[in-house]
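With mature numbering (1 follows the signal peptide of the UniProt record, and there is no 0) as the guide, the letters of the sequence shown map in order to residues -28 to -1, 1 to 703. For each residue, glycine too, the CB sits at the ideal point set by N, CA and C. Just so it is clear, the structure is predicted and the values come from calculations on it, not from any experiment. A short write-up of the structure that comes next.
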Amino acid sequence: MSVAAPTPRPHLLALAIACAGIATPLLAADEQAVPQARLNLPQTDVNATRIADGSAEAGYLTDSLKNVGALGGMALKDTPYSISVVSSELIRNTQATSTDDIFKLSPFTQFTSPSGAGYASSVAIRGFNDLGNLNIANDGLRFSNGSDSGNFVEEMERLEIVTGLSGFLYGPGSPGGLVNYVLKRPTYERYNSVTLGNAGGENAYVHGDFGGPIDDQGVLAYRVNVLAQDGETAIDLQNRRRKMVSLALDWNVSDDLLVQFDASYKKNQTHGLTSYWYFADQRLRPDADQLDNDKLYSQRWAFSDSEHERVGSRFNWRLNEVFSLRGAVAHDRNRTQYAYTGPTVTSPGVYSQPLYAFAPVEREETSAYLFADAAFDTASIGHKVTFGYQGNVARVRDYTDYIPFPGPQYQPVGGNGSIPLDETPQYAKPDYSIGHGDQRLSSRTQADNLLLGDVITFNGQWSTILGVTRTRIKTFSDNFVWAESLGTPSQIDNYNQSKTSPNVSLIYKPLPWLTTYATYIEGLQAGGIAPNTALNAGQAMAPAISEQYEVGVKAEVGEALLTLALFNIDKPNGYTNQQQIYVQDGRQENNGLEFGITGKVTPQLTLVSGLTLLDPQVKKAANASIEGNKPVGVASQLAKVYAEYDLNGVPGFAVTGGAYYTGKQYVDEANHYSLPSFTTFDAGARYRLPLADNALTLRANVSNLTNKAYWLSDHFLGAPRTLTFSAQLEF
């Protein structure tokens, strides 16, 4: 009997050359080049011990996803969606202390606003960067857009980044993308880790990670993460302080029933907020190298202060060979207050620092899901049917005396509006009183999603995912805080809208290592909310419908995963017009390509890299001046490479580095003015020393190695050169 030889996988060299050929012109656009290494197909030892998912030994490659929304866990290579994973070991080895570091690394996210500005990191995904663009989930539970300042990367096992529409998977949301934060779960062997580190400047931290069984039978197990961080950052006069206690418990009630609990408390404070620049005329914007990127162009007393409390529970119950149930519920409560002085340029060569102070805002949100799964065959066709509900309710309460107006609000804190751009003076904090009036409900958003889906497997090559969701969004918005403060008419908006949306995916595997797919998906999302800078601040728009077409390829090549996706997304276009009123006008249609590679491309070389190419346009706009233009703040090109090289001569030693390119982006709706492209480089090293049964890992990294001066986005300068280092003891 003859036996067919296994189908060979393609050689990585040819694929790497193709990737480099696309990325090199983009990096060259900034007149900087990244050395290219020769890539060879690694030898595979089929008898080797299984390497931990997402570990450095695995090239940070993850085989499976914890949550593909309502569909539950799936193999990454078989999902007909664009999903990338940032594992906890990659988080540790890059010394990430916020999502800033994650979004800088990912080739599919354009990092636009640092957490040092006083709120969560902000990104553009697939060309969408409007308020609330980034959808958030915690272990599959959907939470409000942009409310991720309560997620600390130190407590996470991984971040699963979904680019594109995710309404069928997670419920209503922006078409840009979603990050699913996966909490570290209990270990069933004793694990202890303590890390001492420096996050830049004099900002030091200690992080403890402890886990293990509670009883001898392994019925109960725990995981505890604690963090303390304080000190001045790489930006002069800026201080960052964080505290965290995060607890996770597992209860194995039986072989078929697992119940999990988790709770956390976090406090996040920044004094000397990263400067938020505003230009009355874009012609007044100085080149970035005319400013000092390590200086504070605001006041050291400008601050943000947030506290988060979260508690949740979930279960997985295997009823029999066919049916299973899974459910989860979590409640999040947070309180945030901030005040800043945004450097404002209205005349050449000088700036002022108006005060923007806001009373505490209290948010509460409850999110839940309940799904029933049935796995069975009809003749030779396999089914995994999922039916259930997912939803969340978010409430925001504000004080009637939300801002000090009339008073010092919007008035310069010093310098009479004429501070030279080469000076960064400090002034006394003005006197004001806010947050003592009545507290009222300012907004309430409820999203309910009923889902029916079926993963149908016809044979080893063909499968499909068919699904339908019935989504309802109810919103209430009262902009009383602006009406009472500014003396403008108040406006209450109520919306109640429902939509039935399909998901159709076709998956074809011509070879065991190669997956191709095509997906069509629709989604309903809450309408945009006018930002604080608009005259109609706080006004909510009506819910809107978006749709997406995507085709893609995923290939396992050697010990790496290569992904390619082509997509078209269409959504309502929202912006602040020349009259300073936030409106929805026309549609934003984005066509694009995403390419990524993650894994070991040689036994010593690991790559986490990729690129995004976009053609975003505004169409069907009533305002002819923006028709056909590119959206503000969206780069048409991203190319990023993070690399590690293990030195055979020194076991446990690796050199690390990265190159991160962001293309030109427009800063006005008419597309008359733009920010230049930029490339930054990182370099570092890691050394892991075995100590009997323990291990000590030393890490060091320099980000923005050349100290390049650049505009990160319309309002923020890029971060200065920053040295970080740490020592981790596992015992």
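Rounded to the nearest whole angstrom, the C-alpha separation of Val365 and Ala664 is 51 Å.
CA-to-CA, the gap between Asn466 and Arg369 works out to about 16 Å. In this chain, the beta strand (DSSP E) harbouring Val166 covers 163 to 170. By the criterion of a C-beta distance shorter than 6 Å, Leu701 is surrounded in its chain by Val166, Leu668, once the five residues flanking it on both sides are discounted.
Leu150 sits close to Ile133, with the two beta carbons spaced by under 9 Å. In the three-state reduction of the DSSP assignment, Ile598 falls in the helix class, which pools H, G and I. Sixteen is the threshold: since fewer than 16 other Cβ atoms of the shown chains lie within 10 Å of the Cβ of Thr350, the residue is exposed. Between the alpha carbons of Asp111 and Asn39 lies a distance of about 7 Å.
Remark: C-beta atoms of Leu327 and Pro397 do not approach each other more closely than 9 Å.
Within the model, the alpha-carbon separation for Trp289 versus Asn123 is close to 27 Å. Within 10 angstroms of the beta-carbon of Leu619 lie fewer than 16 other beta-carbons, which makes it exposed.
Note that the C-beta distance between Gly568 and Leu538 is not below 9 Å. Pro662 counts as exposed, since fewer than 16 other beta carbons sit within 10 angstroms of its beta carbon. Judged by their CB atoms, Asn468 and Thr447 are nearer to each other than the 9 Å cut-off.
Our two residues, Ser435 and Arg298, have alpha carbons roughly 24 Å apart in a direct line.
When only Cα atoms are considered, Leu583 and Val606 end up about 14 Å apart. Cβ neighbours of Leu33 within its own chain (closer than 6 Å, five residues either side excluded): Leu533, Thr570, Gly571. The closest CA to that of Pro86, considering only Thr69, Arg98, Leu263, Leu507, is found on Thr69.
Between Leu585 and Gly600, the beta carbon gap of about 19 Å keeps them out of contact (Cβ cut-off 8 Å).
Excluding its 5 nearest sequence neighbours in each direction, Thr308 has C-beta neighbours in its own chain below 6 Å: Ser278, Val333, listed in chain order. The beta carbon of Leu342 sits closer than 6 Å to the beta carbons of Gly299, Gly360, Tyr361 from its chain, once the five residues preceding and following it are set aside; these are given in chain order. By alpha-carbon distance to Lys215, the top candidate from Val198, Asp261, Glu641 is Val198. Along the length of the segment 242 to 322, whole beta strand (DSSP E) runs at least 3 residues long occupy 275 to 290, 295 to 313, 316 to 319, reported in chain order. Per the C-alpha coordinates, the member of Arg282, Ala302, Pro380 positioned closest to Ala311 is Pro380.
The beta carbons of Gly432 and Lys481 sit about 7 Å from each other, so the pair counts as a contact at 8 Å.
Counting along the chain, the unbroken alpha helix (DSSP H) around Arg64 starts and ends at 60 to 65. Apart from the 5 residues on each side of it in sequence, Gly169 sits with its Cβ closer than 6 Å to the Cβ of Tyr177, Ser698 in its chain, given in chain order. Taking the Cα of Gly386 as reference, the smallest distance to any Cα among Asp394, Pro378, Tyr399, Glu395 is reached at Tyr399.
The beta carbon of Gln463 lies closer than 7 Å to those of Asn451, Gln511 in the same chain, with the five residues before and after it left out. Under the 8 Å Cβ criterion, the segment 69 to 85 counts as touching the segment 608 to 616, having at least three qualifying pairs.
Following the DSSP letters along the chain, one finds Glu456 inside the alpha helix (DSSP H) bounded by residues 452 to 458.
For Asn110, the beta-bridge partners assigned by DSSP are Leu113, Tyr153. Beta bridge pairing from DSSP links His355 with Phe348, Ile428.
Taking every protein chain shown into account, the CB of Asp587 has fewer than 16 other CB atoms within 10 angstroms, so this residue is exposed.
Between the alpha carbons of Val57 and Thr372 lies a gap of roughly 43 Å.
If you draw a straight line from the Cα of Asp72 to the Cα of Gly690, it is about 12 Å long.
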